[in-house]
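Numbering (mature numbering (1 follows the signal peptide of the UniProt record, and there is no 0)), first residue to last: -24 to -1, 1 to 474.
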């Protein structure tokens, strides 16, 4: 009998074991753990004018944003196609046009880097990019000069591209990246004057030939293919130039210093062409057009039709342009005499050159410290290790005095970040609607007040100016207004311990 039972039970057991194993194999599917990241993107456009101006005030038409991981796998995509939802302002410390976008991204634990690509005016310029586009697709994207009614109506409506990357840590949940976006075209401005008050100058037409067949979004080309048949008219009319600049008032090499004595006839956006004519000069003065220029088959050719006497014979002047580079503004100054032209070139970046911002002058703040009744106390003489009360919400106060356009954000870092959480907002604007600085509050509490374990995290606080983060040192509340320097920034360490 015992043997019979054994023989009867054994097959059943084996059958159950087989079924169990089969179920187990189906259910155990390795899944990489995921986490949620907050990615703040500060997208900046270089200024479109010199001095303190922010240019012609134009706003981009549309925006596309891709975030890839280190293996070029798409993590996030966003598209804004309504210009009313896409506003850049010129209120940052550099005077640059800025737009801040926040994206919430779900990533696997294997992700170690974020690669961000931003395209402005891609949709309105006919670029064939969408959510399925890869980094290679973006890098190889091309576009054409608009024709007919489809024109670029301002400095910031042309194709614009920028990218940025950031490594990510295993514990940090919030990341801030600055994407420096550059216009993928050059700008050409033509300015005319005559050599005397009694002289006569009328411009009838300005035509451009030797056009590149396409423009390149992400990277400047080493060479371009020229269309031999295409041309565009930059200006056509009967404009008499009344401005004048006598020869004894300004010699060749100095025209850009007397821009107010020139008439700006036209300003247009051109596709890049690295194959332009070399103008003479040492870079310290304006570049001067060669007195006997050689033809340049692959560079832009500008033809000006003009008159130097009322009702007189129309004359023409051919000008071989220099190389046209993205995000550069080429100003050609022409002083016209009855017997010919004097031409000079002045090239500036499409922004103020050599910007250096001294943030000791631009960023200042005060720390009000922790509300004493909301914490148990400090665990070190420097009062940087804060023993939080598990039954209270700890409150830290500070004020950003300047600049008035700064924003701020706080984050917790460390292995124990799940043991603490923010209460209420932990980011905002430095100034209120009344134009005055606002005292800010950062509120933090423990997530499990009953825990007998010890946990600690560090608190980081940043001011964001022009899309760039500057960490604040709020650990000393006795020195009044603080400005950043090159020293080490001290942080508060928050500790939960029974």
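For glycine and all other residues, C-beta sits at the position ideal for the given N, C-alpha and C.
Hey, would you say residue 433 sits closer than 7 Å to residue 372, going by beta carbons? Contact flag unset, no.
What's the C-alpha gap between residue 19 and residue 279? Looking at the two C-alpha atoms, the distance is approximately 38 Å.
At a threshold of 6 Å, does residue 85 count as lining the ligand FAD (C-beta to nearest heavy atom)? This structure does not include the ligand FAD; it has no bound ligands of any sort.
Output the distance between the C-alpha atoms of residue 468 and residue 152, rounded to the nearest integer angstrom. Straight-line Cα distance between these residues: approximately 20 Å.
Leaving out five residues before and five after residue 10 in sequence, what residues of the same chain have Cβ atoms less than 6 Å from its Cβ? Contacts found: 82, 84.
Report the CB separation of residue 293 from residue 309 in whole angstroms; it is logged as a contact under 8 Å. With a Cβ gap of about 14 Å, residue 293 and residue 309 do not count as contacting.
Taking 7 Å as the cut-off, decide whether the C-beta atoms of residue 402 and residue 391 are in contact. Taking 7 Å as the Cβ cut-off, residue 402 and residue 391 do not qualify as a contacting pair.
How would you write the range of the beta strand (DSSP E) that residue 188 sits in, first residue to last? Under the DSSP assignment, residue 188 falls in the beta strand (DSSP E) whose first and last residues are 178 to 188.
On the CB-based measure, 16 or more other CB atoms within 10 Å of its CB, does residue 109 come out buried or exposed? Classification for residue 109: buried.
Cα-Cα separation between residue 317 and residue 162, rounded to whole angstroms: Rounded to whole angstroms, residue 317 to residue 162 spans 24 Å at the Cα level.
Is the separation between the beta-carbon of residue 359 and that of residue 165 shorter than 7 Å? Using a Cβ distance threshold of 7 Å, residue 359 and residue 165 do not count as a contacting pair.
Are the beta-carbon atoms of residue 302 and residue 196 separated by less than 7 Å? For the pair residue 302 and residue 196, the CB atoms are nearer than the 7 Å cut-off.
So what's residue 395 in DSSP terms, helix, strand or just coil? Looking at residue 395 - three-state DSSP - the assignment turns out to be helix.
Among 472, 135, 40, which residue has its Cα nearest to the Cα of residue 424? It is 472 whose Cα lies nearest to the Cα of residue 424.
Could you work out which residue in 375, 253, 262 is closest to residue 273 when comparing CA atoms only? Here the closest residue by C-alpha is 253.
Close Cβ partners of residue 103 (< 6 Å) along its chain, the five nearest in sequence each way excluded: Only 117, 119 meet the Cβ criterion.
By the three-class DSSP mapping on this structure, what secondary structure does residue 114 have? Looking at residue 114 - three-state DSSP - the assignment turns out to be helix.
Is the separation between the beta-carbon of residue 79 and that of residue 52 shorter than 7 Å? Their beta carbons are under 7 Å apart, which means residue 79 touches residue 52 by this criterion.
Look at the alpha carbon of residue 192 and the alpha carbon of residue 160, and state the distance between them as a whole number of angstroms. CA-CA distance, residue 192 to residue 160, rounds to 7 Å.
Quick one: complete beta strand (DSSP E) runs, 3+ long, within the stretch 372 to 421? Runs of the beta strand (DSSP E) lying entirely within the stretch 372 to 421, each at least 3 residues long, are 383 to 389, 396 to 398, 403 to 405 in chain order.
What do you get for residue 370, buried or exposed, if any count of 16 or more other CB atoms within 10 angstroms of its CB means buried? So residue 370 ends up on the buried side.
Can you give me the C-alpha to C-alpha distance between residue 404 and residue 465, rounded to a whole angstrom? Each residue's alpha carbon lies about 21 Å from the other.
Residue 157 in three-state terms, based on DSSP: In the three-state reduction of the DSSP assignment, residue 157 falls in the strand class.
Among the residues of its own chain, which have a CB less than 7 Å from the CB of residue 172, if the five just before and after it don't count? Close CB contacts of residue 172 within its chain, under the 7 Å cut and outside five residues either way in sequence, are with 220, 222 (chain order).
Which residues in the same chain as residue 368 place their Cβ atom closer than 6 Å to its Cβ, once the five residues preceding and following it in sequence are excluded? 350.
Hey, out of 437, 218, 353, 156, whose CA is closest to residue 342's CA? The residue with the shortest Cα to Cα distance from residue 342 is 437.
If I follow the unbroken beta strand (DSSP E) through residue 311, where does it start and stop? From DSSP, the beta strand (DSSP E) with residue 311 extends over 304 to 313.
Quick check on residue 427: does DSSP put it in helix, strand or coil? Three-state result, residue 427: coil.
Is the CB-CB distance between residue 167 and residue 238 below 7 Å? Cβ atoms of residue 167 and residue 238: closer than 7 Å.
For a quick check, are the C-beta atoms of residue 406 and residue 376 less than 7 Å apart? Yes, the Cβ-Cβ distance between residue 406 and residue 376 is below 7 Å.
In or out: residue 49 buried (at least 16 other Cβ within 10 Å) or exposed? Answer is exposed; the Cβ neighbour count stays below 16.
Keeping to the same chain, check which residues put their C-beta closer than 8 Å to that of residue 352; ignore five residues upstream and five downstream. Excluding residues within five positions, the ones whose Cβ falls inside 8 Å are 363, 364, 365.
Looking only at DSSP bridge pairs, what is residue 265 linked to? According to DSSP, residue 265 shares a beta bridge with no other residue.
Between which two residues does the beta strand (DSSP E) harbouring residue 209 extend? Counting along the chain, the beta strand (DSSP E) containing residue 209 begins and ends at 202 to 216.
Three or more beta-carbon pairs under 8 Å between the stretch 171 to 185 and the stretch 128 to 144, yes or no? At 8 Å Cβ cutoff, the stretches do not touch.
Going straight from the alpha carbon of residue 428 to that of residue 470, what length do you get? Taking the straight line joining both Cα atoms gives about 16 Å.
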